[in-house]
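Engineer: Numbered as in this note's numbering, the sequence shown ends at 473 without a single skipped number.
Below is the structure I would like to discuss, written out as structure tokens.
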Amino acid sequence: MTDVSADWVLPVDGPPIEGGLVRYEGGAIVEVTQGRAERHHADAAIVPGFVNAHSHLEYAMYAGFGDGQAFGPWIATHVERKNRLERDDMIAIARLGVLESLRAGIATTADYSFSGAAATAAAELGLRAIVYLEVFALDPAEAERQFERKRALTEESELVHIGVSPHAPYSCSLDTYRWCLSLGIPVGTHLAESANENEWLEHGSGPLQGIAPILVPPTGKRAVATLEPVLGPDLLCAHCVEVNTDEIALLAERNVPVVHCPRSNALLGCGIAPVAELREAVVRVALGTDSPASTPSFDMFEEMRTAIYMARARTKRPEALLATDALRMATLDAARALRIEGQVGTLTPGKRADLTVVSLAGSPYHPVEDPAAAVVYGGSPERVLETIVDGNTRYANEDNEQWREVRSTASAARQRMLAPQP
Ligand SMILES: [Zn+2]
52 MTDVSADWVL PVDGPPIEGG LVRYEGGAIV EVTQGRAERH HADAAIVPGF VNAHSHLEYA
112 MYAGFGDGQA FGPWIATHVE RKNRLERDDM IAIARLGVLE SLRAGIATTA DYSFSGAAAT
172 AAAELGLRAI VYLEVFALDP AEAERQFERK RALTEESELV HIGVSPHAPY SCSLDTYRWC
232 LSLGIPVGTH LAESANENEW LEHGSGPLQG IAPILVPPTG KRAVATLEPV LGPDLLCAHC
292 VEVNTDEIAL LAERNVPVVH CPRSNALLGC GIAPVAELRE AVVRVALGTD SPASTPSFDM
352 FEEMRTAIYM ARARTKRPEA LLATDALRMA TLDAARALRI EGQVGTLTPG KRADLTVVSL
412 AGSPYHPVED PAAAVVYGGS PERVLETIVD GNTRYANEDN EQWREVRSTA SAARQRMLAP
472 QP
């Protein structure tokens, strides 16, 4: 038995517990109650390990590429630079992504992986992950080849499971989506991320013309309508920025899990997803950081805050998204979107022992009045004291030789991407 306690415990599926204690054994939570353990974190809160519903760990070092570019040219810059990397570089960068995730209190990530390197890195460093191997293909036979090639380089483990990601409706055909959905593994895509996507699909125009040779021919329909035949509870859809009222109703009717990535959408100039409307209509709206290719970090606290800022600014309603809502989207709702709520997402006996300890000392929210607001508005990766995954402390806020090495190897890989081609 291991006990850990703090001034506050936020189980998320029940009210906050002042002076709370979490007891776990064999990687599973046994009890959540009032009490004080020998390992007590004063001026701190324990929350469920965050579930990041959309990441690309292997883009952890892609920060600042093409800053200010439109969505189409931005994608082209990334594709070109990614081609300069060897697989070892991709693993080195993915390791940094894992570290940065754990440092931000993330215990589970849903990672869309170009090379599969994310699976290797997550297994090595103990991050729980569903790694969706990306395919970009009009022909399902080509999708199968891409998937099998990547699948052969990855291994499943207790913490890491493999899924598949047909990239987007403009880079994969409906038949490719159908093939992916036939595999019986988790499937995730990008959907309605930008107006450029709708422009290409509807009219064959706009900045995506620059990469026309690798795209699906225009369908004459918007992104959501293009994917309509395959939309359902098994297709995780990241972004959904460019969705109108009818499209939100369709997503709800089909019980489609949606991932909201507000910082990524803002920084790429894609817009603000109608998250309040989506939450009112769709059962499962999760939160995801996306990757430093678009957002600056895997910082779930910043993501929760940005979700709140954007929702309130967009609707001009202060109650459009509350701190408790954002915390739920980063834990339980994300677990539900990934269909792993039986295992993670709340501090509940029987679930896996995934816990994040956040210090509130020195924050303006301490002494604590509203613990959820204190964690969401006052939290930051620097304030994460400990991230526990499956009962093992995978990150502790202290200087560490292993992490220094991870950072320097990833920096060297970034240098190779920045270097001009010979
Ligand atoms: Zn993405």
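Cβ coordinates follow ideal geometry from the N, Cα and C atoms, glycine included.
Since we're looking at a predicted model, the values are computed, not measured.
Quick check: does the Cβ of D341 come within less than 6 angstroms of any heavy atom belonging to ligand 1?
Structural biologist: At least one heavy atom of ligand 1 is nearer than 6 angstroms to the Cβ of D341, so yes.
Engineer: What number of angstroms, rounded off, separates the C-alpha of R465 from the C-alpha of I144?
Structural biologist: When rounded, the distance between both Cα atoms is 8 angstroms.
Engineer: Which residue spans inside the segment 432-464 form an unbroken alpha helix (DSSP H) run of at least 4?
Structural biologist: Complete alpha helix (DSSP H) runs here, min 4: none at all.
Engineer: Would you list the residues sitting across from T375 in a DSSP beta bridge?
Structural biologist: Answer is none; T375 lacks a bridge partner.
Engineer: Go ahead and pull the three-state DSSP assignment for I68.
Structural biologist: DSSP places I68 in strand when its eight states are reduced to three.
Engineer: Entirely within the segment 79-129 and at least 3 residues each: give me those beta strand (DSSP E) ranges in chain order.
Structural biologist: Whole beta strand (DSSP E) segments, 3+ residues: 79-85, 91-99, 101-106.
Engineer: Does the distance from the CB of G430 to the CB of F352 come in under 7 angstroms?
Structural biologist: Taking 7 angstroms as the Cβ cut-off, G430 and F352 qualify as a contacting pair.
Engineer: If we require 4 or more residues per run, which alpha helix (DSSP H) segments fall completely within the segment 176-222?
Structural biologist: With a minimum length of 4 residues, the continuous alpha helix (DSSP H) runs that stay inside the segment 176-222 are 191-202.
Engineer: By a C-beta neighbour count over all protein chains shown, 10 Å radius and 16 as the cutoff for buried, is T277 buried or exposed?
Structural biologist: Looking at its Cβ environment, which holds 16 or more other Cβ atoms inside 10 Å, T277 is buried.
Engineer: What number of angstroms, rounded off, separates the C-alpha of D54 from the C-alpha of N448?
Structural biologist: Approximately 19 angstroms between the Cα atoms of the pair.
Engineer: Does the structure place the segment 332-341 close enough to the segment 417-431 that three or more beta carbon pairs sit under 8 angstroms?
Structural biologist: Touching, no.
Engineer: Kindly say whether L469, judged by its beta-carbon, lies nearer than 7 angstroms to any beta-carbon of chain E.
Structural biologist: Given the protein chain composition of this structure (a single chain), no chain E is represented.
Engineer: What are the start and end residues of each continuous beta strand (DSSP E) run of 3 or more residues lying completely inside the segment 341-399, in chain order?
Structural biologist: Listed in chain order, nothing qualifies, since the segment 341-399 has no complete beta strand (DSSP E) run of 3 or more residues.
Engineer: Pick helix, strand or coil for H254, following the three-state DSSP scheme.
Structural biologist: Three-state result, H254: helix.
Engineer: Use the C-beta contact count for E89: other C-beta atoms within 10 angstroms, 16 or more gives buried, fewer gives exposed.
Structural biologist: E89 comes out exposed.
Engineer: If you reduce the DSSP assignment to three classes, tell me which class T277 lands in.
Structural biologist: In this structure, T277 counts as helix in the three-state DSSP scheme.
Engineer: If you count every other CB in all the chains shown that lies within 10 Å of the CB of I265, and 16 or more means buried, which is it?
Structural biologist: Classification for I265: exposed.
Engineer: Taking only three categories from DSSP, how would you classify E298?
Structural biologist: DSSP places E298 in helix when its eight states are reduced to three.
Engineer: Going by Cα to Cα distance, which pick from A303, V292, L136 is closest to H241?
Structural biologist: Residue V292 is the option with its Cα nearest to H241.
Engineer: Pull up the DSSP beta-bridge partners for I157, would you.
Structural biologist: DSSP output for I157 lists F101 as bridge partner(s).
Engineer: Would you tell me roughly how many angstroms separate the C-alpha atoms of A470 and G261, rounded to the nearest one?
Structural biologist: For A470 and G261, the distance between alpha carbons rounds to 23 angstroms.
Engineer: G481 and D405 look like a contact to me (Cβ under 8 angstroms); what is the Cβ gap, rounded to whole Å?
Structural biologist: It is not possible to answer for residue 481, since the shown part of the chain is limited to 52 through 473.
Engineer: Do the segment 52-66 and the segment 383-402 make contact, defined as three or more Cβ pairs closer than 8 angstroms?
Structural biologist: Yes: the two stretches touch, three or more of their Cβ pairs being nearer than 8 angstroms.
Engineer: Using CA atoms only, rank isn't needed, just tell me which of A289, A172, N134 is closest to N103.
Structural biologist: N103 has its Cα closest to that of A289, out of A289, A172, N134.
Engineer: Under 6 angstroms Cβ to Cβ from T460, same chain only, skipping five residues before and after it: list those, please.
Structural biologist: Excluding sequence neighbours, T460 sits near A143.
Engineer: Using 8 angstroms for Cβ pairs, my map puts F122 next to L319. What's the rounded Cβ distance?
Structural biologist: Yes, they are in contact, since the Cβ atoms of F122 and L319 sit about 6 angstroms apart, within 8 angstroms.
Engineer: Under a three-way DSSP split, which group does E131 fall into?
Structural biologist: Here E131 sits in helix by DSSP.
Engineer: Out of P269, G283, E248, which one is the CA nearest neighbour of G255?
Structural biologist: The shortest C-alpha separation from G255 is found at P269.
Engineer: Check whether the Cβ atoms of A344 and H129 sit closer than 7 angstroms, and answer yes or no.
Structural biologist: Going by C-beta atoms, A344 is nearer than 7 angstroms to H129.
Engineer: For S499 and H107, what's the separation of their Cα atoms in angstroms?
Structural biologist: Residue coverage of the chain in this structure runs from 52 to 473, which leaves residue 499 outside it and unanswerable.
Engineer: Where DSSP assigns a beta bridge to G239, which residues make up the other side?
Structural biologist: Answer is L287, bridged to G239.
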